Each structure stands twice: as structure tokens, then as C-alpha cells.
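Quick notes on the structure that follows.
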Amino acid sequence: MSSIQTVGIIGSGTMGNGIAQACATSGIRVVLVDIAQAAVDKGLATVAGSLDRLIKKEKMTAAQKDAALALIQGSTNYEDLKGAQLVIEAATENEALKVKILQQLDGLLAPEVIVATNTSSISITKLAAAT
Numbered sequence: 014m015s016s017i018q019t020v021g022i023i024g025s026g027t028m029g030n031g032i033a034q035a036c037a038t039s040g041i042r043v044v045l046v047d048i049a050q051a052a053v054d055k056g057l058a059t060v061a062g063s064l065d066r067l068i069k070k071e072k073m074t075a076a077q078k079d080a081a082l083a084l085i086q087g088s089t090n091y092e093d094l095k096g097a098q099l100v101i102e103a104a105t106e107n108e109a110l111k112v113k114i115l116q117q118l119d120g121l122l123a124p125e126v127i128v129a130t131n132t133s134s135i136s137i138t139k140l141a142a143a144t
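Quick note on this note's numbering: the sequence shown kicks off at 14 and runs consecutively.
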């Protein structure tokens, strides 16, 4: 694998949309996946609102906002993650849910895709053992 051109993010809540924003404003394509379209839409709206605040603070231009938002694809389908070189699981802090997601990814993604998880309290070793 050469470089990371597309990042997949599972979970469009606080952590997921923040990671999506950081990637997109750095010029990296993002596929933001959640279980419901309403959750995806809310995550995208949160990113747009955050970028609007950066425009008001003169830290970003409207053109930069538009460019960043154009790099984020919202989805409810894990299949859309297949083109990513890095997938970050950022779902709710629930061990059973994270294990289920990681197991689904294990059967879907190519072996060279980097899979990461965002957790503050769940053992990474336990999560890794699930795949």
C-alpha cells in the first residue's frame, strides 16, 4: 500500500464526525458510515456547522469548507468502505457492538487495509482477539 487516500469511519457521532472533519480538511477522502441515514445526515451537518465556525473565526474560507465537505461521502453501507486504505471504528462505547463491527470488517476488507478503533475504556487486546 502506498499512501492513505481514503479513510472509512464507522460512527458519525462526536468522535466519528470529528475524525471525518480532520481528514477532509487535510485533503483526504472520507466515507462516513452509520446504521441510519438520519445519523449520517446529523454527522455531516455537525461537520458543516463546525466548518462554519472556522469561517467566522477566519481560520477557513467558504471555498475550503466546500472542498472539505465534497471529500466526505455519507453512507449506511459497509460495502462503501472497500476502497479505503484505513478504516476507523468510532461507534458507541459498547464492547459487543465494537466486536460485531470489527468482525464484519474482517470479512469485508482486504488484508492490507488498516483497521483502527476509537475507545477509551475497552481493551484493545479483547477487540483484536475478536477478529
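Idealized CB from N, CA, C, for every residue including glycine. Please read these numbers as outputs of a predicted model, since none were measured by experiment.
- Query: Using a Cβ-Cβ cut-off of 6 Å (strictly less than) and excluding sequence neighbours within five positions of Asn30, which residues of its own chain qualify?
  - Reply: Here the set comprises Gly56, Thr59, Val60.
- Item | Spatially closest choice to Ile23 from Ala129, Glu125, Leu140, Ile137, by CA coordinates | Looking at the Cα atoms, Ala129 is the closest of the given residues.
- Item | Distance between beta carbons of Gln86 and Ile17, contact taken as under 8 Å | About 16 Å; that fails the 8 Å criterion.
- Query: Between which two residues does the alpha helix (DSSP H) carrying Gln77 extend?
  - Reply: Here the alpha helix (DSSP H) through Gln77 covers 75 to 83.
- Exposed or buried, what is Leu121 when buried is set at 16 or more other beta-carbons lying within 10 Å of its beta-carbon? Taking all protein chains in view, the Cβ of Leu121 is surrounded by fewer than 16 other Cβ atoms within 10 Å, so the residue is classified as exposed.
- Query: For the putative contact between Thr38 and Ala75, defined by C-beta atoms under 8 Å, what is the C-beta separation to the nearest angstrom?
  - Reply: Contact flag wrong, Cβ pair sits at about 13 Å.
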